[in-house]
Structures are given as structure tokens and as C-alpha cells.
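Q: Got a structure here, written out as C-alpha cells. Questions coming.
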Amino acid sequence: MKKFSALLLLIFALTSCNYFDKQVPSEKELLEKQIKAINWDEVDEYPSVVECEAITNDTLRKQCFFEYITSAIQQKLSIDTLSVLYPELDTIEVKVTVFPNATLQFEPQFPKDSVAYDTIKIDSILRTKLVDFPKVHPAIKRGIPVKTQFILPVIIKTEK
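Right, dumping it as C-alpha cells:
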């Protein structure tokens, strides 16, 4: 019985070393795995303004930011001649770009076949009016500020 248990212990000792001999993945493999796991289309935190910082829910904070930017654009354009020059234009889509250094860029988005109004003139009006925005905190991806872009529908003419 002692020989059997000694033999069993010896076999167990020799084969158990295989359980501890696991290969460590290389740095390149780990890096590739991490890069594949990152969703490059989503940010960890959306851009924000001071007025929305107190909101803890990510969805509500994002909604607050979009509503704030849209209303700020509408307010700046409400004192302009767009509604006078182009009475048929009631809504315009504006591509908003928030850069990592917290600067903003606005570009009007027009349909490809738009010949009803002067797109260059509207673009010029938007660029001159949409300045001096409050400080915007850029979007965050893995702890780093990143560039984000989104298109907002901006109502120029409201029914009275």
C-alpha cells in the first residue's frame, strides 16, 4: 500500500507541473486584444457645458448638452437676417465639431440638390454669428479628450 501511495504521489507530482506551466501572452497579443475590445464609435463621456455638469445620468447629460447647443445656435441666429433673406428656410442642419482643445466649429449641411438658396451666403452668416460660445468640455475616450461631430437640426423660423 505504501508503494502504491508513493507511486501515486510521484505521478501526481510529475503531472501537476503541467498545470502551472501556462504561457503568458505576449505584449503584442494583449495590445491587439485591447484594441479590438475598444468601441471606436462611442465615447466614454459626451461633450458637456457647465450648465449640464451637475447631471449624473449620462443620457440626460447628453440630452442637456444637445438642447443647450441647439438653443444657443437658435438664439444667435434669431437676431439675423436668415429668416428675412430666405423665408422658405425654416430649419437648417448644422454639423457641430467639438475639438479636443474645447473649440467649436459649425458647418451648415445642405441637401445635394439645394439650389433654392445661396449656400455660400448662409455658410458665411453662420460662421460670423456662431462665435463666442461658452466653454465646452470635449468628449472623453479612455481618459483622453477627443474630437466629436454631430448634426443638429436648428429651427430658424418659429410660428407665431
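If you're matching positions, the sequence shown starts at 4 in the working numbering and goes up one per residue. Cβ coordinates follow ideal geometry from the N, Cα and C atoms, glycine included.
Rounded to whole angstroms, what's the CA-CA distance from K31 to S51? Just pull it up for me.
A: 35 Å
Q: What three-state label does DSSP hand F109 in the structure shown?
A: strand
Q: Given D47, which residues of its chain have a CB within under 7 Å of its CB, disregarding the five upstream and five downstream residues?
A: I143, K144 and R145, listed in sequence order.
Q: Give the range of the alpha helix (DSSP H) segment to which Q77 is assigned.
A: D61 to S81
Q: My output table needs one value for V27: the three-state DSSP class, helix, strand or coil.
A: In the three-state reduction of the DSSP assignment, V27 falls in the coil class.
Q: Using three-state DSSP, classify K132 as helix, strand or coil.
A: helix
Q: So, at 7 Å on beta carbons, what are the nonlocal neighbours of F136 in its own chain, with the 5 sequence-adjacent residues on each side left out?
A: Its chain contains A75 and L107 as the residues whose beta carbon lies nearer than 7 Å to that of F136, once the 5 sequence neighbours on both sides are disregarded; these appear in chain order.
Q: Rounded to whole angstroms, what is the Cα-Cα separation between T151 and D44?
A: 10 Å
Q: How big is the Cα-Cα spacing for L129 and I41?
A: 36 Å
Q: Give the straight-line distance between the Cα atoms of P28 and T122, rounded to the nearest whole angstrom.
A: Each residue's Cα considered, the two are about 56 Å apart.
Q: Assign I72 to one of two classes, buried (16 or more other C-beta atoms within 10 Å of its C-beta) or exposed (fewer than that).
A: buried
Q: Quick one: give me the first and last residue of the beta strand (DSSP E) that E96 is part of.
A: From DSSP, the beta strand (DSSP E) with E96 extends over T94 to V101.
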